[in-house]
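For reference, the structure discussed in these notes is given below.
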Amino acid sequence: MTRLAIRMPKMSMTMTEGEVSEWMVEVGAEVAEGDVVCEVMTDKVDMEVESTVSGRLVEIVVASGVANVGDPIGWVEGEDTGGGFGDLLMAPEPDAAAVETTTEDVPATEAPRTVLETEDAPAPDPAAAPAAPDPAPSGPPAAVPRARGLAAERGIDLADVVGSGPDGLIRVADVEALAQPVAAPPAPPAAAPPAAPPTAAPATPATPATPARAAQPQARPAGDRKTAIRGAVARKMTPSAAIPQFTVWRTIELDAVDGLRQGVSWTTVLLRAYAAALREVPDLLCRWEDDRATESGPPSIALAVATDRGLLVPTFLEPDLGSAADLDAEIRTVVRSAHAGKLDPAYMGVANGSLSNLGGLGVDRFQALLTPPQASVLSLGSIRQRPVAVPGGVGLALTVEAGLTVDHRVADGAHAAELLQRLAARLSGAL
């Protein structure tokens, strides 16, 4: 029997780590080829991991939580047929020699020096040591006359008084401090009064109700799916805060294209138009990688889909090609899969731009965050009739507020403005 590693699979080009959300089998269980052994969550989707060998699950390394791609998350004992868990799961074993070398190269951790100040403190200079006190003078202690009289009055030996005056001179206050009366011992308990004749017990007053305490906030458990989703979004989007971002806005009229879309959703129309406009502004087809703008090929747009499980972003490659009706059907299918949490890996590729639409929730305008390493993100608000300038006055037109945010390292605001201009021109004509 061979011990085979189940490793964190690489499910998309951008995936560097995944989060084990649930195991479908327990340690000791037999698994057959094709059985689902666990579910892994990425920044895009949940994915079931299937076994490609048969054997017995002997260890779960990561019951839940994040693991890097290629790291073992469990072990199976079975016959090694050479297939292992497939290309996604058969990353090479760590080089033992490299591990040993690494271990040797790492310096031993130095124990904390809790007595650092004592050890480093310079030895005291005998010359600087304070002089020994002079021997105590013989004879009665020095005291002011009034203090001496008060001590005699109260039977206090001045030798027991510590003077607070110059050279230990005893003052009145010093004697008075020593003559403070000692606190009297507690009085013995008073004798119990004779028992009173029995009377009817008064009604016990109602105990005032303890005011209800405000409910304490409860942290979601570590294995909670929404907690895991928020963690994945945090890991993906926190680097966005370090990107210099530039946003431009434009009101785009849609009356012309509305008459031509023939039931195709606005998402489809705008996704196609965005991709087509990107081809005309190639600077925005780049991504910021390896500290420089890098060409990233044809338009590949990530579509933000809000689901009950969290935000998912299936990617559509060259959505401006082909018919609008076919793309519309494809988008509807993919969105349904995203809501089910079962996204086809074909839609998990690397994007060079994103589209986010909150118009369905009544938002007129917003600014979406860039997803590294993409160069742009198009934010779309609600589509509705709005007043517009017309020859001779003011009229109404079907419009959308579009905001384009770009990575300022890759392109400038002028590139963003040009893309919106081309997007508006395209939507004012035909699909």
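Taken in order, the sequence shown gives residues 63 to 493; the numbers are from the numbering used here.
Don't be surprised by glycine CBs; every beta carbon is placed ideally from N, CA and C.
On a predicted model such as this, the values are computed, not experimentally measured, just so you know.
How many angstroms separate the CA atom of residue i from the CA atom of residue j?
i      : j      : result
Ala478 : Met70  : 39 Å
Gly90  : Val396 : 37 Å
Leu220 : Ser226 : 13 Å
Thr289 : Ser327 : 32 Å
Gln324 : Arg354 : 42 Å
Val124 : Trp350 : 33 Å
Ile68  : Ala303 : 35 Å
Leu322 : Ile291 : 39 Å
Ala521 : Val115 : The first residue shown for the chain is 63 and the last is 493, placing residue 521 beyond what the model contains.
Gly454 : Ser399 : 50 Å
Arg312 : Ile445 : 13 Å
Ala296 : Ala408 : 24 Å
Gln307 : His470 : 5 Å
Asp352 : Val439 : 20 Å
Thr356 : Ala337 : 18 Å
Leu332 : Val367 : 15 Å
Met12  : Leu458 : The structure shown has nothing for residue 12, since the chain only spans 63 to 493.
Ile314 : Gly117 : 60 Å
Gly424 : Cys100 : 39 Å
Phe147 : Glu95  : A caution first: Phe147 carries a pLDDT of 41, below 50, which makes its placement in the model unreliable, though a value can still be read off. Looking at the two C-alpha atoms, the distance is approximately 9 Å.
Met77  : Trp85  : 20 Å
Glu394 : Ile305 : The residue asked about is misnamed: residue 394 is Arg in this sequence, not Glu. Whole-angstrom Cα-Cα distance: 32 Å.
Glu392 : Asp426 : 27 Å
So, under 8 Å CB-CB, residue i and residue j are touching, yes? Tell me the CB distance rounded to an integer number of Å.
i      : j      : result
Val120 : Trp137 : 5 Å
Leu347 : Asn414 : 5 Å
Leu240 : Val223 : 5 Å
Asp97  : Ser113 : 5 Å
Ala473 : Ala451 : The pair is not a contact, with the Cβ atoms about 30 Å apart (cut-off 8 Å).
Val93  : Val87  : 6 Å
Ala318 : Gly491 : 6 Å
Leu66  : Gly140 : 6 Å
Gly475 : Gly443 : Not confirmed; about 20 Å, so no contact.
Residues in its own chain within less than 8 Å of residue i by CB, not counting five upstream and five downstream?
i      : result
Pro301 : Pro434
Gln429 : Thr309, Ser441, Gly465 and Thr467
Met299 : Leu431 and Thr433
Pro203 : Leu220, Ala221, Val223, Gly225, Gly230 and Ile232
Thr369 : Ala400, His401 and Gly403
Gln447 : Leu458, Ala459, Leu460 and Thr461
Met63  : Gly117, Glu139, Gly140 and Glu141
Ala214 : none
Considering only the alpha carbon of each residue, which of the options lies closest to residue i?
i      : options                           : result
Arg341 : Arg312, Asp382, Arg349 and Leu322 : Asp382
Val462 : Leu482, Thr78 and Ala476          : Leu482
Leu373 : Leu458, Ala402 and Val326         : Ala402
Asn130 : Gly117, Glu139, Glu79 and Ile122  : Glu79
Gly359 : Pro203, Ile218 and Pro344         : Pro344
Leu405 : Ile218, Leu365 and Gly117         : Leu365
Ser385 : Arg216, Ala214 and Thr330         : Thr330
Leu460 : Arg471, Leu423, Leu316 and Gly424 : Leu316
Leu417 : Leu458, Ala339, Thr64 and Lys72   : Ala339
According to DSSP, is residue i part of a helix, a strand, or is it coil?
i      : result
Thr330 : helix
Val223 : coil
Met299 : helix
Leu485 : helix
Glu123 : A small fix is needed here, since residue 123 is Val in this sequence, not Glu. Val123: coil per DSSP, three-state reduction.
His477 : helix
Thr433 : coil
Gly96  : coil
Leu240 : helix
Gly415 : strand
Ser41  : As displayed, the chain neither begins before 63 nor continues past 493, which places residue 41 out of reach and without an answer.
Arg69  : strand
Val472 : coil
Ala170 : A caution first: Ala170 carries a pLDDT of 33, below 50, which makes its placement in the model unreliable, though a value can still be read off. In the structure shown, Ala170 sits in coil (DSSP, three-state: anything other than H, G, I, E or B).
Pro344 : helix
Val87  : coil
Thr78  : coil
Ile218 : coil
Glu557 : For the chain, the structure presents residues 63 to 493; residue 557 sits outside this window and is missing.
Ala366 : coil
Gly421 : helix
Gly211 : helix
Ala129 : strand
Asp101 : In the sequence as presented, Asp is not what sits at residue 101; that position holds Glu. Glu101: strand per DSSP, three-state reduction.
CB-CB under 7 Å to residue i, same chain, minus the five flanking residues each way: which ones, in chain order?
i      : result
Ala335 : Leu485, Arg488 and Leu489
Pro134 : Ala67, Ile68, Arg69 and Val123
Glu480 : Val343
Asp390 : Val326, Ser327 and Thr330
Spatial neighbours of residue i within its chain, please: CB distance less than 6 Å, with the 5 preceding and 5 following residues excluded, ordered by chain position.
i      : result
Val456 : Pro449
Asp236 : Val223, Gly225 and Ser226
Asp320 : Leu460
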